[in-house]
Amino acid sequence: GQQVMQIPQYQHVQEGEDFTTYCNSSTTLSNIQWYKQRPGGHPVFLIQLVKSGEVKKQKRLTFQFGEAKKNSSLHITATQTTDVGTYFCAGNNAGNNRKLIWGLGTSLAVNP
Amino acid sequence: SAVISQKPSRDICQRGTSLTIQCQVDSQVTMMFWYRQQPGQSLTLIATANQGSEATYESGFVIDKFPISRPNLTFSTLTVSNMSPEDSSIYLCSVGHREEKLFFGSGTQLSVL
């Protein structure tokens, strides 16, 4: 079936280090969305990418959508303790049903 | 953006009982969704709440177990019926244009004893 794999599952970094999470889909996506969920909180929408090869930045966060629209990455430069949480990617199928498929998430812990 | 009020925020229930979760949005929205999130897991869509018609359920979820109401464009309820411990989870309502750029309520943490 359709899957979105996300790696790593967990990442533990020292404050100030960089962090990257990767998202790979078994099917072509019409878009990729990224959400952040703080511990005990609910998912919060961060960004949506729709174009092949698209790169967007939000302060220290850089989001990329692959040329084939099957993979994506989120890179955080110089992590801070406020970056702690689980980052989920989710993509809508490029087909007719446009079903949203969620990755399993990457949990980020930051040591101060 | 949308402001979503979801309640209750948490509840502890006895098996065999039912719990109704409410979701109120501060503006009219086309699509409302109900998700379930097991501890430490990803999100699983239960159903799409349709205004004025029956909800659209995903595979593995049925109306008898998870009846949903959506009487207008700003309000929906999800009932978890005849609960068992396996229903212990976080339930989230969300809104968005189709299934994109979703805004989530704060969630209902349900524990079934």
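The listed protein sequences derive, respectively, from chains A and B.
In short: position in the first sequence from 1, add 800, done, that's our numbering.
In short: position in the second sequence from 1, add 2, done, that's our numbering.
Every residue, glycine too, gets a C-beta built ideally from N, C-alpha and C.
is_contact[residue i, chain A] using C-beta, thresh 8 angstroms
{"i": "B:PHE106", "result": "yes"}
Amino acids of chain A, ordered along the chain, whose beta-carbon sits closer than 9 angstroms to that of residue i
{"i": "B:ARG38", "result": "None at all; the shortest Cβ gap to chain A is about 12 angstroms."}
{"i": "B:LEU94", "result": "HIS842, PRO843"}
6 angstroms CB neighbourhood of residue i in its chain, flanking five on each side removed
{"i": "B:GLN40", "result": "SER91"}
{"i": "A:HIS875", "result": "THR820, THR862"}
{"i": "A:LEU904", "result": "GLN806"}
{"i": "B:VAL27", "result": "ALA4, ILE6, THR76, VAL97"}
{"i": "A:ARG838", "result": "GLY885"}
{"i": "B:THR81", "result": "SER20, THR22, PRO69"}
{"i": "A:VAL850", "result": "ASN831"}
{"i": "A:VAL855", "result": "GLN864"}
{"i": "A:TYR810", "result": "SER907"}
{"i": "A:PHE845", "result": "TYR835"}
{"i": "A:GLY816", "result": "ALA878"}
Contacting residues, own chain, Cβ-Cβ under 8 angstroms from residue i (five flanking each side not counted)
{"i": "B:LEU94", "result": "GLN8, TRP36, TYR37, ARG38, GLN39, LEU45, PHE106, GLY107, GLY109, THR110"}
{"i": "B:ASP66", "result": "SER83"}
{"i": "A:GLN802", "result": "SER825, SER826, THR827, ASN893, LYS899, ILE901"}
{"i": "A:GLN858", "result": "LEU846, ILE847"}
Beta-carbon proximity list for residue i, same chain, < 7 angstroms, skipping 5 on both sides
{"i": "B:ARG100", "result": "MET33"}
{"i": "B:GLN30", "result": "LEU75, THR76"}
{"i": "B:THR50", "result": "MET33, PHE35, ALA57, THR58"}
{"i": "A:ARG860", "result": "ILE876, THR877, ALA878"}
{"i": "B:SER86", "result": "ARG17, VAL114"}
For residue i, the nearest candidate out of the options (CA to CA)
{"i": "A:PHE865", "options": "A:ILE901, A:GLN880, A:GLN833", "result": "A:GLN833"}
{"i": "A:ALA890", "options": "A:LYS869, A:ASP883, A:THR881, A:VAL910", "result": "A:LYS869"}
{"i": "B:ASP13", "options": "B:TYR59, B:ILE23, B:GLU102", "result": "B:ILE23"}
{"i": "A:SER826", "options": "A:PHE888, A:VAL844, A:VAL804", "result": "A:VAL804"}
{"i": "A:GLY829", "options": "A:SER907, A:PRO912, A:ARG898", "result": "It should be pointed out that residue 829 of chain A corresponds to Leu in this sequence rather than to Gly. Closest option to A:LEU829, Cα to Cα, is A:ARG898."}
{"i": "A:GLY840", "options": "B:THR81, B:THR19, B:SER86, B:SER11", "result": "B:SER11"}
{"i": "A:SER852", "options": "A:ASN871, A:ALA909, A:LEU846, A:GLN811", "result": "A:ASN871"}
{"i": "B:SER113", "options": "B:ASN52, B:GLU88, B:VAL64, B:SER83", "result": "B:GLU88"}
{"i": "B:CYS25", "options": "B:GLY62, B:ASN52, B:VAL64, B:SER78", "result": "B:SER78"}
{"i": "B:PRO73", "options": "B:GLY62, B:SER61, B:ASN52", "result": "B:ASN52"}
{"i": "A:THR882", "options": "A:GLN814, A:TYR822, A:VAL910", "result": "A:VAL910"}
{"i": "A:GLN814", "options": "A:CYS823, A:GLN880, A:GLU867, A:HIS842", "result": "A:GLN880"}
{"i": "B:GLY62", "options": "B:GLY54, B:SER71, B:ILE48", "result": "B:ILE48"}
{"i": "A:TYR822", "options": "A:HIS812, A:PRO912, A:PRO808", "result": "A:PRO808"}
Partner residues on chain B for residue i, Cβ-Cβ distance less than 8 angstroms
{"i": "A:PHE888", "result": "SER44, LEU45"}
CB contact below 8 angstroms: residue i versus chain B
{"i": "A:LEU861", "result": "no"}
{"i": "A:GLN871", "result": "Position check: residue 871 of chain A holds Asn in this sequence, whereas Gln was assumed. It does not: the Cβ of A:ASN871 has no partner Cβ on chain B nearer than 8 angstroms."}
Under 7 angstroms by beta carbon: chain B residues contacting residue i
{"i": "A:GLY905", "result": "SER44"}
Under 8 angstroms by beta carbon: chain A residues contacting residue i
{"i": "B:LYS103", "result": "GLN833, PHE845, GLN848"}
{"i": "B:ARG100", "result": "ASN892, ARG898"}
Residues that residue i contacts on chain A, provided the C-beta gap is smaller than 7 angstroms
{"i": "B:GLY109", "result": "HIS842"}
* At a Cβ cut of 8 angstroms, what residues of the segment 802-833 of chain A count as close to chain B, listed as they run along the chain? -> ASN831, GLN833
* Contact list for the segment 834-852 of chain A against chain B, Cβ threshold 7 angstroms -> HIS842, PRO843, PHE845, GLN848
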